[in-house]
Amino acid sequence: MAVIDLPTHYAGEHLKIEVTSPYENYSGIPPKVYVGNTGPIISFIFSQSVPQVVTMIIAIFLGIGILVYAIFKLYKKKTLDISLIILSCFALVLGFESISEDILSGILFEPIVHSILSDTFTILTSVFLVLYYLSRMKHYQKIYGLFCFLQVSIQIGVLIYSLMTVGELTELMPIVNAVSVISTLVTSLVCVGEAYRNNRFFIACTPWIVLIAIFHCMLYIQPSLGIYNANINWSTILFMIILIIIICYNIIEYIISFDKHQRTVNFLKTKSDLLEQHYDQLRDHIQEISTLRTEFIQTMENLEHLVKEEETDEVQNYVQTILTNARNFEFIFSYSSHQLTNLILARYQEIASKRNIKVKFQAELPEVLTVNDDDLTQILIHVLEHSFRETHAIEDPTHRKIYLSMQEKENQLLIRCEHSANYETNLFSQGITENFAEQEQFDLKIIQDVAERYAGTLTQEKDSQVDRLIIQLTKTNPKKSI
Numbered sequence: 000m001a002v003i004d005l006p007t008h009y010a011g012e013h014l015k016i017e018v019t020s021p022y023e024n025y026s027g028i029p030p031k032v033y034v035g036n037t038g039p040i041i042s043f044i045f046s047q048s049v050p051q052v053v054t055m056i057i058a059i060f061l062g063i064g065i066l067v068y069a070i071f072k073l074y075k076k077k078t079l080d081i082s083l084i085i086l087s088c089f090a091l092v093l094g095f096e097s098i099s100e101d102i103l104s105g106i107l108f109e110p111i112v113h114s115i116l117s118d119t120f121t122i123l124t125s126v127f128l129v130l131y132y133l134s135r136m137k138h139y140q141k142i143y144g145l146f147c148f149l150q151v152s153i154q155i156g157v158l159i160y161s162l163m164t165v166g167e168l169t170e171l172m173p174i175v176n177a178v179s180v181i182s183t184l185v186t187s188l189v190c191v192g193e194a195y196r197n198n199r200f201f202i203a204c205t206p207w208i209v210l211i212a213i214f215h216c217m218l219y220i221q222p223s224l225g226i227y228n229a230n231i232n233w234s235t236i237l238f239m240i241i242l243i244i245i246i247c248y249n250i251i252e253y254i255i256s257f258d259k260h261q262r263t264v265n266f267l268k269t270k271s272d273l274l275e276q277h278y279d280q281l282r283d284h285i286q287e288i289s290t291l292r293t294e295f296i297q298t299m300e301n302l303e304h305l306v307k308e309e310e311t312d313e314v315q316n317y318v319q320t321i322l323t324n325a326r327n328f329e330f331i332f333s334y335s336s337h338q339l340t341n342l343i344l345a346r347y348q349e350i351a352s353k354r355n356i357k358v359k360f361q362a363e364l365p366e367v368l369t370v371n372d373d374d375l376t377q378i379l380i381h382v383l384e385h386s387f388r389e390t391h392a393i394e395d396p397t398h399r400k401i402y403l404s405m406q407e408k409e410n411q412l413l414i415r416c417e418h419s420a421n422y423e424t425n426l427f428s429q430g431i432t433e434n435f436a437e438q439e440q441f442d443l444k445i446i447q448d449v450a451e452r453y454a455g456t457l458t459q460e461k462d463s464q465v466d467r468l469i470i471q472l473t474k475t476n477p478k479k480s481i
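By numbering that gives the first Met the number 0, the letter at position 57 of the sequence shown is numbered 56, and the numbering carries on one by one without gaps.
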């Protein structure tokens, strides 16, 4: 951009402006001429630059933020996430591209420098974007990688050629634009394929990628049709939109990953507590067996002595005592072959004895279930908490009853839990205030969410005497949230 001061006596004179360019590509483009006082003209120029400056600030800020997060991730997990590095480079280059194509850049730099900067950042923006798409692909990475290698080779080759020879980069940009048009079409097709193959990133982003690719194709072919860009830099805006979409997806992905990590930690903590309690019970049980062994040896020695003395009545009494102790001895009960289920049910069996609740647990399960341990833990804990909370509120302890059955049959896991309600004699009907309904809805929501991940169902049958939950899970891989 050039600023020309008009002569003092310009009023009433004819003004002729001739605009020339060393580049053939720019011939025929109608020039933009602004006439006015210096102050208002400068204000107008800066007002036109505000969107691009804001875009630059946001893009560079996001780029630096992503880079810092990648370094933090490298420090914490000792793994370098290449996709984050590429995304950071894309954001930084996009920020520089937005300002290099602006009218303000035309004032700060010579026309040739301004043109070279604009074209260079345009090439780099396209390169880093396709490389980021490549880093997120799983099923078509090899095929798309070959295309990206070809595209990057041509575009970077054009850039290097312009630097090493007398050829001007601006004159070579039609080659870059042609490759970009082909790239947008190929990228759109591959993204659709990745989405079809259940790549979660492309399931979420492909609609936006395809839509923005269509607009970019229109922008690339406009100059060949004699249509030139308006004051608004649509290319930068479209790239900014896709950058924001990608960052939003990464944030959501991080939240989901963090939530999954917390669920795993909570599950391991719960399992650790259950194992610790089970270990204490097992230790006491072993001690009890050791004591009984000592007593048994002593009894048998006494019995041997009585036999030698031929005291028949005493022998019979000792034998009867041994039989009585054997019948009264209780082993640690195992509900099923699935150890985690045994630990959970044993925990609630102990709670039931402390709360005067009569429980009956039945579980016909194999050693290994296709239902994830953390999902099974969530279901059992919320089912039993729901039942224990409502049953414990019954005024008469003799009416506190819970029955739970678990069965795996025909590729399905069926969980049935019912408890006595007796809401007419419930403590909560006597003025005791608790968030009873809210807690029940929370438990049911968690159970429903887990059931839906296994294409299962949750059914509640409820009347004034019995509250029954029936959960049916299909033995398939759980559905993953996007």
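Ideal placement from N, C-alpha and C gives every residue a C-beta, glycine not left out.
Exercise for the section: Say whether the segment 83–90 touches the segment 59–73, bearing in mind that this needs 3 or more beta-carbon pairs closer than 8 Å, one atom from each stretch. Expected result: yes
Problem - Cβ pair I461, R399 closer than 8 Å - result: Working through the sequence shown from its first residue, we reach residue 461 at position 462. Working through the sequence shown from its first residue, we reach residue 399 at position 400. According to the sequence provided, residue 461 is Lys. The question's Ile does not apply to it. Result no, Cβ atoms of K461 and R399 do not sit closer than 8 Å.
Handout entry: Contact check, F120 vs S99, beta carbons under 8 Å
Key = Mapped onto the sequence shown, residue 120 falls at position 121. Mapped onto the sequence shown, residue 99 falls at position 100. Contact check for F120 against S99 passes: the beta carbons are separated by less than 8 Å.
Problem - Residues near D118 by beta carbon distance below 7 Å, same chain, minus five either side - result: Numbered from its first residue, the sequence shown carries residue 118 at position 119. Hits under 7 Å: L168, T169 and M172.
Exercise for the section: Quick one: using the 10 Å Cβ neighbour count with 16 as the cut-off for buried, is A497 buried or exposed? Expected result: Any answer about residue 497 is impossible in this case: the structure gives the chain only from 0 up to 481.
Practice task
For S335, count neighbouring Cβ atoms within 10 angstroms of its own Cβ and tell me buried if that reaches 16, exposed if not.
Solution key: What you label residue 335 is simply residue 336 of the sequence shown in a count that begins at 1. Flag for S335 reads buried.
Practice task
Find out if the Cβ-Cβ distance for the pair L93, T235 is shorter than 8 Å.
Solution key: The residue you call residue 93 lines up with position 94 of the sequence shown. The residue you call residue 235 lines up with position 236 of the sequence shown. Yes, the Cβ-Cβ distance between L93 and T235 is below 8 Å.
Problem - Inter-residue Cα distance where the pair is Q47 and A212 - result: Stepping through the sequence shown from its first residue, residue 47 is reached at position 48. Stepping through the sequence shown from its first residue, residue 212 is reached at position 213. In a straight line, the C-alpha of Q47 is about 26 Å away from that of A212.
Exercise for the section: Rounded to whole angstroms, what's the CA-CA distance from E384 to K72? Just pull it up for me. Expected result: For this step, residue 384 is matched to residue 385 along the sequence shown. For this step, residue 72 is matched to residue 73 along the sequence shown. The alpha-carbon atoms of E384 and K72 are separated by roughly 38 Å.
Problem - Exposure label - C147; buried when at least 16 CB within 10 Å - result: Locating residue 147 in the sequence shown gives position 148, counting from the first residue. The residue in question, C147, is buried, as its Cβ has 16 or more Cβ neighbours within 10 Å.
Practice task
Compute the Euclidean distance between the alpha carbons of T54 and K75, then round it to the nearest angstrom.
Solution key: Numbered from its first residue, the sequence shown carries residue 54 at position 55. Numbered from its first residue, the sequence shown carries residue 75 at position 76. The straight-line gap from Cα to Cα measures roughly 31 Å.
Practice task
Determine the closest residue to I16 out of I3, L472 and Q154, with distance taken between C-alpha atoms.
Solution key: Your numbering for residue 16 matches position 17 in the sequence shown. Looking only at I3, L472 and Q154, the smallest Cα-Cα distance to I16 is reached by I3.
Handout entry: Same chain, Cβ closer than 8 Å to K486, five either side skipped, listed in chain order
Key = This structure cannot settle anything about residue 486, because the visible part of the chain is limited to 0 through 481.
Problem - Nonlocal neighbours in the same chain, by C-beta distance under 7 Å from G144, ignoring five residues either side - result: Within the sequence shown, the letter at position 145 stands for residue 144. Same-chain partners within the cutoff: L133.
Handout entry: C-alpha gap between L379 and I343, whole angstroms
Key = Taking the first residue of the sequence shown as 1, we reach residue 379 at position 380. Taking the first residue of the sequence shown as 1, we reach residue 343 at position 344. One C-alpha to the other measures close to 8 Å.
Problem - Sequence-distant residues of the same chain with beta carbon closer than 7 Å to A450, five excluded per side - result: Position 451 of the sequence shown, counted from the first residue, corresponds to residue 450. For A450, where only same-chain residues beyond five positions count, the Cβ hits under 7 Å are T456, L457, I470 and L472.
Practice task
May I ask you to report which of helix, strand or coil DSSP gives Y402?
Solution key: As a position in the sequence shown, residue 402 is number 403, starting the count at 1. In the structure shown, Y402 sits in a strand (DSSP, three-state: E or B).
Practice task
Under 6 Å Cβ to Cβ from I414, same chain only, skipping five residues before and after it: list those, please.
Solution key: Stepping through the sequence shown from its first residue, residue 414 is reached at position 415. The residues are M405 and I470.
Problem - Q471 in three-state terms, based on DSSP - result: Numbered from its first residue, the sequence shown carries residue 471 at position 472. Here Q471 sits in strand by DSSP.
Practice task
For L5, count neighbouring Cβ atoms within 10 angstroms of its own Cβ and tell me buried if that reaches 16, exposed if not.
Solution key: Residue 5 sits at position 6 when you count from the first residue of the sequence shown. L5 is exposed by the Cβ-count criterion.
Practice task
Scan the segment 327–410 and note each continuous beta strand (DSSP E) run of 3 residues or more that stays entirely inside, going in chain order.
Solution key: Whole beta strand (DSSP E) segments, 3+ residues: 357–363 and 400–408.
Practice task
Give a yes or no on whether the C-beta atoms belonging to A58 and S97 are separated by under 8 Å.
Solution key: Counted from its first residue, the sequence shown places residue 58 at position 59. Counted from its first residue, the sequence shown places residue 97 at position 98. For A58 and S97, yes; Cβs fall inside 8 Å.
Exercise for the section: Go to Q459, then tell me how far its beta strand (DSSP E) extends in each direction, as first and last residue. Expected result: By 1-based counting over the sequence shown, the position of residue 459 is 460. Looking at the DSSP string, the run of the beta strand (DSSP E) that includes Q459 is T456 to K461.
Problem - Cut-off 8 Å between Cβ atoms - residues of its own chain near V178, not counting five sequence neighbours on either side - result: Residue mapping note: residue 178 aligns to position 179 of the sequence shown, counting from 1. Cβ within range, chain order: Q150, I153 and Q154.
Handout entry: Beta-carbon proximity check, D374 vs L339, cutoff 8 Å
Key = Here residue 374 refers to the residue found at position 375 of the sequence shown. Here residue 339 refers to the residue found at position 340 of the sequence shown. The answer is no: Cβ separation not under 8 Å.
Practice task
Counting only the same chain and skipping the five closest in sequence on each side, list residues whose C-beta sits under 8 Å from that of W207.
Solution key: Counting from 1 along the sequence shown, the entry for residue 207 is found at position 208. The answer, listed in chain order, is I240, I241 and I244.
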